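Asker: Sharing a structure, written as structure tokens. Questions coming.
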């Protein structure tokens, strides 16, 4: 790239961005098509309640700035100087990239929108992984907490064992000593002098994110509960903890299987498996109801992400000086 003319570089960047955009839209269309097919072929009669579907969409929209704000704090702790609104914008727009297998597009979009004079590219990439790992670790912790309550009241100790293993798998890598060793092992410091600040990460970098991520997961659980109400299944709010556990565990599992676009298939399978016992108390066809809820959630969340990405992408945000 160093020997290319500025004009050729611009053309290559343009065609790369165009190809990436087309790839994202094809992936999103495939996700929508698969979800719609599952929805129309399910053996379950849906009684749509627009109010509760909007409630689910709004709850999801409220949840998204929480991890985006932690990403901003992580960047600041890594000696970067982004504006908060630019970080939130890059984070929200980046959600559309997760529908491409491998989740690489998420990193490309967020880094491309945020990098600049005051944000080093390599450090930005590291912060994305740091934010994602903390998000999943807190989610797995909440699953473990809910299942502790579940085991205490209803048994099923095998679920608790899986929850603890899941928590350890995503929580251990974000501990400061472990995270620093990982960065040193992969040799990232060779590519950017700025990454030396990783060795100076304090525990406060991780502690400040815990309440933000808890808020994120609580609103996700509220969104899922609202979407279930929106499909005409009037489950009481007392089932909210199980909705939270189902959505958190399924999303953590989808995160671990990075090849699946937006956790497609993996997340849905976990969610259906975990919510069938809930639906069994409120419908005669719990398997179909669980499938419809999972598909409807994906459609509502995808629509919300597209709307927010469109709004924030077009915002006239001033560059850092």
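In the numbering used here, the protein residues as written are 6 to 326.
Where a beta carbon is used, it is the ideal one built from N, C-alpha and C, also for glycine.
Given the structure is predicted, the values throughout are model-derived calculations rather than measurements.
1) Out of 316, 257 and 237, which one is the CA nearest neighbour of residue 284?
2) Hey, is the stretch 58-69 in contact with the stretch 113-120, meaning 3+ C-beta pairs nearer than 8 Å?
3) Run through the DSSP bridge pairs and tell me what residue 121 is partnered with.
4) To the nearest angstrom, how far is it from the Cα of residue 318 to the Cα of residue 308?
5) Nearest-angstrom Cα distance between residue 134 and residue 289?
6) In angstroms, rounded to a whole number, what distance separates the CA positions of residue 212 and residue 86?
7) My output table needs one value for residue 169: the three-state DSSP class, helix, strand or coil.
8) Can you tell me the Cα-Cα spacing of residue 259 and residue 274, whole angstroms?
9) Please report how far the alpha carbon of residue 131 lies from the alpha carbon of residue 72, in whole angstroms.
10) Would you kindly work out how many angstroms separate the C-alpha atoms of residue 302 and residue 232, rounded to a whole number?
11) So what does DSSP say about residue 145, is it helix, strand or coil?
12) Go ahead and label residue 148 buried or exposed: buried means 16 or more other beta carbons lie within 10 angstroms of its beta carbon, across all protein chains shown.
13) DSSP three-state call for residue 263: helix, strand or coil?
14) Kindly give me the distance between the Cβ atoms of residue 111 and residue 103, rounded to whole angstroms, as I take these residues to be in contact under 8 Å.
15) Whose CA, out of 311, 247 and 316, lies closest to the CA of residue 3?
16) Report buried or exposed for residue 69, applying the criterion of at least 16 other Cβ atoms within 10 angstroms of its Cβ.
17) Please state whether DSSP places residue 1 in a helix, a strand or coil.
18) Starting from residue 67 and walking both ways along the alpha helix (DSSP H), at which residues does that stretch end?
19) Do you know offhand how far residue 225's Cα is from residue 252's?
20) Does the Cβ-Cβ distance between residue 210 and residue 96 come in under 8 Å?
21) Compare the beta carbon distance of residue 243 and residue 276 with 8 Å and say whether it is the shorter of the two.
22) Around the Cβ of residue 76, are there at least 16 other Cβ atoms within 10 angstroms (buried) or fewer (exposed)?
23) To the nearest angstrom, report how far apart residue 207 and residue 79 are at their CA atoms.
24) In this structure, how does DSSP classify residue 306 when only helix, strand and coil are distinguished?
25) Can you tell me the Cα-Cα spacing of residue 229 and residue 235, whole angstroms?
26) To the nearest angstrom, how far is it from the Cα of residue 300 to the Cα of residue 141?
Answerer: Here's the rundown:
1) Here residue 284 is taken as the residue at index 279 of the chain shown, counted from 1. Selected option, being the one with the closest Cα: 237.
2) no
3) Mapped onto the chain shown, residue 121 falls at position 116. DSSP, once it has assigned bridges, lists 124 as partnering residue 121.
4) Position 313 of the chain shown, counted from the start, is the residue given in the question as residue 318. Position 303 of the chain shown, counted from the start, is the residue given in the question as residue 308. Whole-angstrom Cα-Cα distance: 15 Å.
5) Taking the chain shown and counting its residues from 1, one reaches residue 134 at position 129. Taking the chain shown and counting its residues from 1, one reaches residue 289 at position 284. The straight-line gap from Cα to Cα measures roughly 42 Å.
6) Against the chain shown, residue 212 aligns to sequence position 207. Against the chain shown, residue 86 aligns to sequence position 81. Cα to Cα, the separation comes out at about 20 Å.
7) Here residue 169 refers to the residue found at position 164 of the chain shown. Residue 169: helix per DSSP, three-state reduction.
8) Position 254 of the chain shown, counting from 1, holds the residue named residue 259. Position 269 of the chain shown, counting from 1, holds the residue named residue 274. Cα-Cα distance, rounded: 10 Å.
9) Counting from one through the chain shown, the residue named residue 131 turns up at place 126. Counting from one through the chain shown, the residue named residue 72 turns up at place 67. Their Cα atoms are separated by approximately 15 Å.
10) Here the question's residue 302 lines up with position 297 in the chain shown. Here the question's residue 232 lines up with position 227 in the chain shown. Going from the Cα of residue 302 to the Cα of residue 232 covers about 6 Å.
11) Along the chain shown, read from residue 1 onward, the residue named residue 145 stands at position 140. Three-state DSSP puts residue 145 in a helix.
12) Here residue 148 corresponds to residue number 143 of the chain shown, with the count starting at 1. Residue 148 is buried by the Cβ-count criterion.
13) Within the chain shown, residue 263 is the residue found at index 258, counting from 1. Interpretation of residue 263 is limited by its pLDDT of 49, a score under 50 that renders its predicted location unreliable; no figure is taken from the coordinates.
14) As a first step, residue 111 is located in the chain shown; it is residue number 106 there, counting from the start. As a first step, residue 103 is located in the chain shown; it is residue number 98 there, counting from the start. Yes, they are in contact, since the Cβ atoms of residue 111 and residue 103 sit about 5 Å apart, within 8 Å.
15) With the chain covering 6 to 326 only, the question about residue 3 has no answer from this structure.
16) Start at 1 with the first residue of the chain shown, and residue 69 comes out as number 64. Result: buried.
17) Given that the chain is displayed from residue 6 to residue 326, the structure contains no residue 1 and the question cannot be resolved.
18) For the purposes of this step, residue 67 is taken as the residue at position 62 of the chain shown. Element bounds for residue 67: 55-68.
19) In the chain shown, residue 225 corresponds to position 220, counting from 1. In the chain shown, residue 252 corresponds to position 247, counting from 1. Answer to the nearest angstrom: the Cα atoms are 7 Å apart.
20) Counting from 1 along the chain shown, the entry for residue 210 is found at position 205. Counting from 1 along the chain shown, the entry for residue 96 is found at position 91. Against a cut-off of 8 Å, the Cβ pair of residue 96 and residue 210 comes out as no contact.
21) What you label residue 243 is simply residue 238 of the chain shown in a count that begins at 1. What you label residue 276 is simply residue 271 of the chain shown in a count that begins at 1. Result no, Cβ atoms of residue 243 and residue 276 do not sit closer than 8 Å.
22) On the chain shown, residue 76 is found 71 positions in, with the first residue counted as 1. Classification for residue 76: buried.
23) Locating residue 207 in the chain shown gives position 202, where the first residue counts as 1. Locating residue 79 in the chain shown gives position 74, where the first residue counts as 1. The alpha-carbon atoms of residue 207 and residue 79 are separated by roughly 11 Å.
24) Residue mapping note: residue 306 aligns to position 301 of the chain shown, counting from 1. In this structure, residue 306 counts as helix in the three-state DSSP scheme.
25) To locate residue 229, count along the chain shown from 1; it is residue 224. To locate residue 235, count along the chain shown from 1; it is residue 230. Spanning the two alpha carbons is a distance of roughly 10 Å.
26) On the chain shown, position 295 is the one that residue 300 refers to. On the chain shown, position 136 is the one that residue 141 refers to. If you take the alpha carbons of residue 300 and residue 141, they lie about 22 Å apart.
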